[in-house]
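Q: I have a structure here, written as structure tokens, and I will follow up with some questions on it.
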Amino acid sequence: MSTAPLQAELTSEPLVSCPVSRLDPFGREFLTDPYPFHGELRDAGPVVWLERYQVWGFARHAEVYAAMQDWQTYSSAAGVGIDDFRKNKAWRPPSLLLEVDPPLHTRTRAVMSKILSPAAMRRLRDEWQTRADTLVEKLIERETFDAVKDLASVFPVWAFPDAIGIGMEGRENLLPFGNMIFNSFGPRNEIFLESIKEAEPVVAWIYGKCARDVLAPGSFGAQVYDALDRGEIQPDEAPVLVRAMLTAGLDTTVIGIGSSIHAFALYPEQWQKLRENPTLIRPSFDELLRWASPVQTFFRTTTRDVQVGATMIPDGSKVLLFLGSANRDPRKWEDPDKFNITRSTTGHVGFGTGIHGCVGQMVARMEAEVVLTSMIKRIKSIEIVGEPVRRLNNTLRSLSSLPVRVTPA
Amino acid sequence: MPKISYQSHDGTVADVNAPENMSVMQVAKANGVDGIVAECGGSAMCATCHVYVAEDFLDRLPVMNAVEDEMLDCTATERKPSSRLSCQIKLTPDLDGIVIHVPERQT
Chain A
1 MSTAPLQAEL TSEPLVSCPV SRLDPFGREF LTDPYPFHGE LRDAGPVVWL ERYQVWGFAR
61 HAEVYAAMQD WQTYSSAAGV GIDDFRKNKA WRPPSLLLEV DPPLHTRTRA VMSKILSPAA
121 MRRLRDEWQT RADTLVEKLI ERETFDAVKD LASVFPVWAF PDAIGIGMEG RENLLPFGNM
181 IFNSFGPRNE IFLESIKEAE PVVAWIYGKC ARDVLAPGSF GAQVYDALDR GEIQPDEAPV
241 LVRAMLTAGL DTTVIGIGSS IHAFALYPEQ WQKLRENPTL IRPSFDELLR WASPVQTFFR
301 TTTRDVQVGA TMIPDGSKVL LFLGSANRDP RKWEDPDKFN ITRSTTGHVG FGTGIHGCVG
361 QMVARMEAEV VLTSMIKRIK SIEIVGEPVR RLNNTLRSLS SLPVRVTPA
Chain B
1 MPKISYQSHD GTVADVNAPE NMSVMQVAKA NGVDGIVAEC GGSAMCATCH VYVAEDFLDR
61 LPVMNAVEDE MLDCTATERK PSSRLSCQIK LTPDLDGIVI HVPERQT
């Protein structure tokens, strides 16, 4: 692993004229505490050549945001991981949403937007709120619990798969599967290989859960098949889209809720503010996504030679976008390392932005909203009583354990 | 620089000069125009930047794609023929003087 300082050097190749970094953004040291490294990459320049993986990197907000807005130049169709689908056979089937460009993307996105729409989520709110209340109530009785294992990992695995329409049995398989898929966007390092070992036995189970005949009537999953009946998608695409919900929507929301509790435990005055003003609950989740960025990185691939700052990035290049770094760029945010739920978070890229902005974000927002709503009613303060443990992942920034003690209100 | 006139439900008018290539939503947020929430930040995912566009500008707007069309069925106030998501309207010189009616609520 290299943590050598960046060297601003000009190579003999005229196209590669930008700072060169030997950092490994998928190394254990970087993933454990990315923030100092993010600062180094941002300060090096608007574009950095990541020598170890022979890819370009954007770590400042302006360039990350612009790239996500410009899908014509920064394509997703060659994969949003480090592998270039056009050059190498993909390790996994490409995502029909994340890894396609318009017009194909627009069609699939419209189907999923409708299923996961604000109106659909409004219909689930009351039931989810009751469930969150029950869960939080039980934990308060215990006073001391693990906010990740007992709360953040429980609620989403309960709520979202129910909405997708899959049965209760075997749901513990969902998190290892998502963990593996998000690892696969990075290199084949030890972290990725370990997650394959853990998830391999569950792949067949997941695939079986995406078939039409096992999905509950009226569920999000069944609605994907309704779209098939209307001729909006192809037969082979339906199970893939059901699986996409299970893959993209579980680990990420577990992390969102776990990181929220972590943030509020570290910033008790923000917890008090939230308790005094519940209308801050939804905006506070945007600040959480800015501050903690569950999804830290995604790649794009250039479709033409593109000038960024002083650097000409050639057509067909992989570019690593550091979302977590953009969300803490002092060029964009005042006091970026502080979790502050009353700041304006417009422009954060925690859900991405542009046409590939998270299609399930209304689900994630609703899950966080109901859990925090339950918590502010019943919990006066949250105290961390044991060392939080990180689970390293090539794409996600997450906790696997967060022991807390709560004081009932 | 195109000019946008945001007209709120209660009659408040905000006239703003807007840089090209920004969206009607982004300009509203940058200028503190009330009534446009834009929770999702411009991904056509939340339907909380819903606006009614003055009739004489409707045919100059970018074509509505399928995603925006689906989302407009989820707005908090009634969908009308002049309904658009303001995050999907990128400013061009052609839209100079556009009048945007901001609905009473977004959630």
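Protein sequences, first through last, are from chains A and B.
When we follow this note's numbering, the leftmost residue of the first sequence carries the number 1, and every step to the right adds one.
When we follow this note's numbering, the leftmost residue of the second sequence carries the number 1, and every step to the right adds one.
All C-beta atoms in this analysis are idealised placements derived from N, C-alpha and C, irrespective of residue type, glycine included.
1. Compare the C-beta of A/Lys-197 against all C-beta atoms of chain B and say whether one is closer than 8 Å.
2. Report the three-state DSSP secondary structure of B/Thr-92 (helix, strand or coil).
3. Say whether the segment 65 to 74 of chain B touches the segment 117 to 132 of chain A, bearing in mind that this needs 3 or more beta-carbon pairs closer than 8 Å, one atom from each stretch.
4. Just confirm the distance between the C-beta atoms of A/Ser-21 and A/Val-48, as a whole number of angstroms; I'd bet it's less than 8 Å.
5. Which of helix, strand or coil does DSSP assign to A/Arg-122?
6. Quick one: which residues of the segment 67 to 90 of chain B get their C-beta closer than 8 Å to a C-beta of chain A? List them in chain order.
7. Please list the terminal residues of the continuous beta strand (DSSP E) segment that includes A/Ile-355.
8. Nearest-angstrom Cα distance between A/Val-371 and A/Pro-283?
9. Can you list, in chain order, the residues of its chain whose CB lies under 8 Å from that of A/Arg-343, leaving out five sequence neighbours each side?
10. Quick one: is B/Lys-3 near chain A, going by C-beta distance under 8 Å?
11. Does any C-beta atom of chain A lie closer than 8 Å to the C-beta of B/Gly-11?
12. Residues of chain B with a CB under 9 Å from the CB of A/His-61: which are they?
13. Alpha carbon to alpha carbon, how far is A/Leu-174 from B/His-101?
14. Using DSSP's beta-bridge definition, name the partner residues of A/Pro-156.
15. Would you tell me roughly how many angstroms separate the C-alpha atoms of B/Asp-56 and B/Leu-95, rounded to the nearest one?
16. List the whole-angstrom C-beta distance separating B/Glu-68 from B/Leu-85, where the pair is believed to meet the contact cut-off of C-beta under 8 Å.
17. Please go through the same chain and pick out, in chain order, the residues whose beta-carbon is closer than 7 Å to the beta-carbon of A/Thr-3, but skip the five residues on each side of it.
18. Taking the beta strand (DSSP E) that A/Lys-87 belongs to, which residues open and close that run?
19. Residues of chain A with CB under 7 Å from B/Cys-46, in chain order?
20. I need the boundaries of the alpha helix (DSSP H) containing A/Asp-229, first residue and last residue.
21. Starting from A/Gln-270, trace the beta strand (DSSP E) in both directions and tell me its first and last residue.
22. Use the C-beta contact count for A/Gly-165: other C-beta atoms within 10 angstroms, 16 or more gives buried, fewer gives exposed.
23. Can the beta-carbon of A/Arg-290 be found less than 8 Å from the beta-carbon of A/His-348?
24. Determine which residues of the segment 100 to 116 of chain A have a Cβ less than 7 Å from any Cβ of chain B, and write them out in chain order.
25. DSSP three-state label for A/Glu-190, please.
26. Below 8 Å on the Cβ atoms is my contact criterion, and I expect A/Val-319 with A/Trp-158 to pass it. Report the Cβ-Cβ distance as a whole number of Å.
27. Check the C-beta distance from B/Ile-98 over to B/Ile-4 and give it rounded, since I have them as a contact under 8 Å.
28. Can you find the residues in the same chain that come closer than 8 Å, C-beta to C-beta, to A/Met-366, ignoring five residues on each side of it along the sequence?
29. Within the chosen definition, does the segment 147 to 157 of chain A reach the segment 392 to 404 of chain A through at least 3 CB pairs nearer than 8 Å?
30. Given that A/Arg-282 touches chain B, what residues does it touch there, using C-beta distances under 8 Å?
31. Give the secondary structure of A/Pro-14 by DSSP, where H, G and I count as helix, E and B as strand, and everything else as coil.
32. Which ranges does the beta strand (DSSP E) cover as unbroken runs of at least 3 residues, wholly within the segment 13 to 53 of chain B, from first to last along the chain?
33. Below 9 Å on C-beta distance, what does B/Asn-31 contact in chain A?
34. I'd like to know whether the C-beta of B/Gly-119 is nearer than 8 Å to at least one C-beta of chain A.
35. Name the residue from A/Arg-212, A/Val-111 and A/Thr-253 whose alpha carbon lies nearest to the alpha carbon of A/Gly-178.
A: Let's see:
1. Judged by the 8 Å Cβ criterion, A/Lys-197 is not in contact with chain B.
2. Judged by DSSP in its simplified three-state form, B/Thr-92 adopts coil rather than helix or strand.
3. With a cut-off of 8 Å on Cβ pairs, the segment 65 to 74 of chain B is in contact with the segment 117 to 132 of chain A, counting three or more such pairs.
4. 5 Å between Cβ atoms; contact.
5. Helix at A/Arg-122.
6. Going along the segment 67 to 90 of chain B in chain order, one finds Val-67, Asp-69, Glu-70, Met-71, Asp-73 and Cys-74 with a Cβ nearer than 8 Å to chain A.
7. Careful: A/Ile-355 lies outside any beta strand (DSSP E) and carries neither H nor E.
8. In a straight line, the C-alpha of A/Val-371 is about 14 Å away from that of A/Pro-283.
9. By the criterion of a C-beta distance shorter than 8 Å, A/Arg-343 is surrounded in its chain by Glu-287, Trp-333 and Glu-334, once the five residues flanking it on both sides are discounted.
10. For B/Lys-3, the nearest beta carbon of chain A is not closer than 8 Å to its own beta carbon.
11. Closer than 8 Å: no.
12. Residues of chain B with a Cβ closer than 9 Å to the Cβ of A/His-61 do not exist; the shortest Cβ-Cβ separation is about 13 Å.
13. Straight-line Cα distance between these residues: approximately 45 Å.
14. For A/Pro-156, DSSP assigns no beta-bridge partner whatsoever.
15. If you draw a straight line from the Cα of B/Asp-56 to the Cα of B/Leu-95, it comes to about 10 Å.
16. Rounded to whole angstroms, the Cβ separation of B/Glu-68 and B/Leu-85 is 5 Å, and the two are in contact under 8 Å.
17. Only weak support exists for where A/Thr-3 lies, its pLDDT of 37 falling under 50; the coordinates are left without a value.
18. According to the DSSP assignment, A/Lys-87 belongs to no beta strand (DSSP E), since it is labelled neither H nor E.
19. Near B/Cys-46 (Cβ distances below 7 Å), the residues of chain A are Pro-118 and Met-362.
20. Following the DSSP letters along the chain, one finds A/Asp-229 inside the alpha helix (DSSP H) bounded by residues 220 to 229.
21. Going by DSSP, A/Gln-270 is part of no beta strand (DSSP E) but of the alpha helix (DSSP H) stretching over 268 to 276.
22. So A/Gly-165 ends up on the buried side.
23. For A/Arg-290 and A/His-348, yes; Cβs fall inside 8 Å.
24. Residues Thr-106, Arg-107, Arg-109, Ala-110, Ser-113 and Lys-114.
25. In this structure, DSSP gives A/Glu-190 a helical state, which the three-state scheme calls helix.
26. Contact flag wrong, Cβ pair sits at about 38 Å.
27. 5 Å between Cβ atoms; contact.
28. These residues qualify, in order along the chain: Met-121, Leu-124, Arg-125 and Trp-128.
29. The segment 147 to 157 of chain A makes contact with the segment 392 to 404 of chain A, as at least three CB pairs between them are under 8 Å.
30. Chain order gives the chain B residues near A/Arg-282 as Glu-39, where near means a beta carbon separation below 8 Å.
31. Note that A/Pro-14 has pLDDT 45, beneath the 50 cutoff, so the model's placement of it is unreliable and the number below is only indicative. The three-state reading of DSSP puts A/Pro-14 in coil, since its state is none of H, G, I, E or B.
32. Here the runs fully enclosed are 13 to 17 and 50 to 53.
33. Simply none; closest approach about 12 Å.
34. Nothing about residue 119 of chain B can be reported from this structure: the residues present for chain B run from 1 to 107 only.
35. That would be A/Thr-253, whose Cα lies nearest to the Cα of A/Gly-178.
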